[in-house]
Amino acid sequence: MSSERTVSAMGLATIASDETVLDAWFPTVRFGESDAGDAAALEQHAGTDERRAVRTEVIGLTIDLDASVASTPDAYLRLHALSHLLVRPNEVNLDGIFGHLPTNAWTNAGPMLPADAARLRPALLRHGIQVQGLDKFPRLTDYVQPEGVRIADASRVRLGAHLAPGTTVMHEGFVNFNAGTLGPAMVEGRISQGVVVGANSDIGAGASIMGTLSGGGSHRVSIGERALLGANAGIGISLGDDSVVEAGLYVTAGSKVVLSDGPVDAFGAKPTVKAAELSGRAGVLFWRNSLTGAIEAKSRAGSGVTLNDALHA
């Protein structure tokens, strides 16, 4: 295995009473071989938590990022590599990840088996332990504290999100695993799995970007730099640098788009294309004609949006 595609780490695994590995936390992730000294620092945190019917053990792991996911710790190490910014979204093989991630009862004291959470509910309440969700993926901030990033509601960003310094995720923003930002960005909408957003772009409030888990097929949707996806808008195509989608407009690959600055034919009509033909093209403005209801697009000159430097410093 190439050292550039090999990731290693020492971590703590949480193991349930039936020997199910629930999660793994890797405080430091490296290319190549891990540092044996990391294990000694983790030993003091290993032990048993009878309240949740789990124990934690120190583990060491080295994986090939190009191979399929082989275990629960393997899956967690890949998610950590993304959130530690060692690799970008879509640069790591995640085949088989859902099969290796158990559905956990996520509590304010850590994960546990859902059946144990139901069985031990009275004791959990006495200890102030509450179930906050049932899911395969945990919150990012329970495992990684991304540097130079603001996250208003931690429950809306999953482990495996790739958030570059200068990113702000507001309360209604959401970032899935294997998705995120490549530079400073404002996120008030939804960044779905597999989607990357370029530097200095703005995802407006309530906006949605179609991912490969939500009907996007095999196409990897991306947003370029200095682009704006307006409030409550959505896209199923890639948006190029300095491009804009007006508020409330949803553009899918099959949407018919009138090229308002295109040549007029003999009947006085503007050319019409599928939106897929405009996917990724820089400097495009998409809007809906308020008189005809048609989606229209035209070239736009100059730079796109400008983020507030103080807000995203």
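Under the numbering used here, the first residue of the sequence shown is numbered -11, with each subsequent residue one higher.
Don't be surprised by glycine CBs; every beta carbon is placed ideally from N, CA and C.
- Note that the C-beta distance between HIS33 and ALA63 is not below 7 Å.
- Following the DSSP letters along the chain, one finds LEU67 inside the alpha helix (DSSP H) bounded by residues 60 to 71.
- Leaving aside the five residues that flank ASP54 on each side, the residues in its chain whose CB is nearer than 6 Å to its CB run, in chain order, ARG(-7), ASN81.
- Residue burial annotation: PHE165 is buried, with at least 16 other C-beta atoms found within 10 angstroms of its C-beta.
- The distance from the Cβ of GLU176 to that of ILE191 is about 6 Å, consistent with a contact at the 8 Å cut-off.
- Ranked by Cα distance from GLY35, the first of GLY20, ALA29, THR2 is THR2.
- Taking the CA atoms as reference points, VAL46 sits about 49 Å from ALA270.
- The continuous alpha helix (DSSP H) containing LEU113 extends over residues 109 to 114.
- Per DSSP, the unbroken alpha helix (DSSP H) holding ALA28 starts and ends at 25 to 31.
- Rounded to the nearest whole angstrom, the CA to CA distance from GLY84 to SER56 is 6 Å.
- Under the DSSP assignment, GLY168 falls in the beta strand (DSSP E) whose first and last residues are 167 to 169.
- When secondary structure is reduced to three states using DSSP, SER243 falls in the coil class, being assigned neither helix nor strand.
- In this structure, VAL232 is the residue among GLY212, VAL232, SER226, GLY182 with its C-alpha nearest to the C-alpha of GLY218.
- Under DSSP, GLY(-1) shares a beta bridge with ILE47.
- With respect to the 7 Å criterion, GLY171 and ALA149 are not classified as neighbours on the basis of their beta carbons.
- By the 16-neighbour rule on beta-carbons within 10 angstroms, PRO77 is buried.
- Secondary structure of PHE86 (DSSP, three-state): helix.
- For VAL209, there is no enclosing beta strand (DSSP E), as DSSP marks it with neither H nor E.
- Going by C-alpha positions, ILE179 is about 23 Å away from SER291.
- Remark: C-beta atoms of HIS159 and ALA140 approach each other more closely than 7 Å.
- Annotated three-state conformation of ARG(-7) is helix, per DSSP.
- In terms of Cα proximity to LYS124, the closest of LEU10, ALA41, GLY182 is LEU10.
- The closest CA to that of HIS207, considering only ASN296, SER287, VAL184, is found on VAL184.
- HIS115 sits exposed, since fewer than 16 C-beta atoms from the chains shown fall within 10 Å of its C-beta.
- When Cβ pairs closer than 8 Å are counted between the two stretches, the segment 238 to 254 is seen to touch the segment 277 to 293, the count reaching three or more.
- Beta bridge pairing from DSSP links ARG178 with PHE162, SER196.
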